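For reference, the structure discussed in these notes is given below.
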Amino acid sequence: MSTTLMYRAWTDIIKDSLLWTKELRQTIIKETGLPLSFGLSVNKTVSKMATNEAKPNGEKYIAPGTEKAFLAPMSIRKIPGIGSKTYVVLSNMGIEKIESIQKMTLEQMRNTLGENGESLWRKANGINYSPVIPFHEQKA
């Protein structure tokens with residue numbers, strides 16, 4: 121399959137997912153009266169961050185290829201996995217915005233924070249290949 125066809129297929133999947141998600145959100149709001157926010161993107165890290173930006177009762181769609189631009193102006197505190205110690209280390213380096221991490225090399229982040237640095241660099245650049253695992257009830 122050519123790259124163009126793969127991109128079109130991916131784009132169609134995302135459009136279908138966005139339509140389905142919007143309809144589901146409206147149904148839940150209508151039936152329960154509860155507020156509901158969602159974020160939709162190409163991976164779960166960016167989707168989670170988009171959901172947080174959409175709160176308390178909104179929706180946010182991050183189009184493929186725009187992940188870095190969406191993330192860049194945000195505080196590094198918004199990256200899932202940045203705890204207080206990591207925040208202090210990065211702040212002491214003058215890093216406050218995700219854009220600063222995006223400008224660093226993977227090697228620089230790895231040298232600064234080890235494996236955690238690599239993970240944070242990937243998140244800051246909108247890269248996450250981990251699968252979404254649907255919730256299921258644990259059996260006795």
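In this note's numbering, the protein residues as written are 121 to 260.
The beta carbon of each residue, even a glycine, is placed where N, CA and C say it ideally should be.
All values reported here derive from a predicted model rather than from experimental measurement.
Would you say residue i and residue j are within 8 Å of each other, going by their C-beta atoms?
| i | j | result |
| --- | --- | --- |
| Asp192 | Gln228 | The amino acid at residue 192 is misidentified as Asp; the sequence shows Ala. No. Outside cutoff. |
| Leu240 | Ile202 | yes |
| Tyr181 | Leu138 | yes |
| Leu160 | Thr186 | no |
| Lys243 | Pro200 | yes |
| Ile134 | Pro184 | yes |
| Asn172 | Lys198 | yes |
If you count every other CB in all the chains shown that lies within 10 Å of the CB of residue i, and 16 or more means buried, which is it?
| i | result |
| --- | --- |
| Ile196 | buried |
| Leu210 | buried |
| Val252 | exposed |
| Leu144 | exposed |
| Asn248 | buried |
Out of the options, which has the shortest C-alpha to C-alpha gap to residue i?
| i | options | result |
| --- | --- | --- |
| Tyr207 | Asn236, Glu187, Lys188, Ile182 | Asn236 |
| Val166 | Thr147, Lys150, Ile218 | Ile218 |
| Phe190 | Glu179, Ala170, Lys175 | Ala170 |
| Ile148 | Gly178, Pro184, Leu226 | Gly178 |
| Phe158 | Lys175, Thr152, Glu151 | Lys175 |
For residue i, which residues in the same chain have their Cβ closer than 7 Å to its Cβ, ignoring the five residues on either side in sequence?
| i | result |
| --- | --- |
| Lys188 | Gln222, Asn245, Gly246 |
| Lys215 | Note that residue 215 corresponds to Ile in the displayed sequence, not to Lys. Within the same chain, Ile215 has close Cβ partners Ile196, Ile221. |
Pull the bridge partners of residue i from the DSSP assignment, please.
| i | result |
| --- | --- |
| Lys180 | Gly159 |
| Ser195 | Lys217 |
Give me, in chain order, the residues of the same chain whose beta-carbon lies closer than 8 Å to that of residue i; leave out the 5 immediate sequence neighbours on both sides.
| i | result |
| --- | --- |
| Arg230 | Gly237, Glu238, Trp241 |
| Leu156 | Arg145, Ile148, Ile149, Asn177 |
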